[in-house]
Amino acid sequence: MRIERGRDPGPFCKAAQYKPHLRPLFRRRCAYCLMPDDRLGGEDGMTVDHFRPESRYHDLRLAWANLYYACSVCNSQYKRDYPTLEEERAGKRFVDPCEEDYDDHFRLVPDPVTGALCRVRSLSEAAEYSALAFR
Ligand SMILES: [Zn+2]
């Protein structure tokens with residue numbers, strides 16, 4: 361899922377004001393786990409995530425390109441496990457669903473017991489880091 365953002369609908373003074381604009385852009389799904397929002401309470405059950413955390417990238421707190429439509433679980437998980445500055449310098453990072461295609465980083469593989477395509481194989485370091493963080 362690559363996201364073509366288009367024009368910034370703002371400016372707004374709160375990130376939450378971008379949520380109705382982010383919803384159709386992210387096809388009513390969480391940017392990270394891809395869960396449809398209708399299973400999570402619709403737009404009210406979703407959050408506006410700062411891909412680059414506002415605690416470190418304060419200037420990006422209202423930057424349209426840094427705001428992602430995310431479920432609360434992924435949003436809180438993501439914030440907790442975002443790479444430290446040292447890890448970032450070493451190349452640790454999350455796969456960016458707006459800039460990269462998940463198919464280049466993850467592949468569904470069959471479960472060895474059931475044969476169902478339900479296991480995820482990481483194809484890159486960023487995918488491994490993301491998979492560990494989001495479990
Ligand atoms: Zn999610």
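Take 361 as the starting number for the sequence shown in our numbering and just add one per residue. For every residue, glycine included, the Cβ atom is placed at its ideal position computed from N, Cα and C. All values derive from a computational prediction rather than experimental measurement.
In whole angstroms, give me the CA-to-CA distance for residue i and residue j.
i	j	result
Ala486	Arg453	5 angstroms
Glu447	Asp409	21 angstroms
Val469	Ser482	10 angstroms
Arg467	Arg412	25 angstroms
Can you check which of these residues, the options, is closest to residue i by C-alpha distance?
i	options	result
Asp397	His410, Arg412, Pro470, Lys379	Lys379
Ser490	Ala423, Glu460, Lys374	Glu460
Gln437	Ala493, Gly366, Leu477, Leu483	Ala493
Leu385	Ala375, Asp368, Glu364	Glu364
His381	Met395, Arg412, Tyr429	Tyr429
Leu445	Ser415, Arg362, Asn435	Ser415
I'd like the span of the alpha helix (DSSP H) that includes residue i, first residue to last.
i	result
Leu483	Where Leu483 is concerned, there is no enclosing alpha helix (DSSP H), given that its DSSP letter is neither H nor E.
Glu448	445-449
At what residues does the beta strand (DSSP E) containing residue i begin and finish?
i	result
Arg467	466-470
Exercise for review: Could I get the ranges of all uninterrupted beta strand (DSSP E) runs contained in the region 384-439, with 3 residues as the minimum, in chain order?
Suggested key: 406-410, 427-431
Point to revise | Around ligand 1, Cβ to any heavy atom closer than 6 angstroms, ordered along the chain | key: Cys390, Tyr392, Cys393, Met395, Ala430, Cys431, Val433, Cys434
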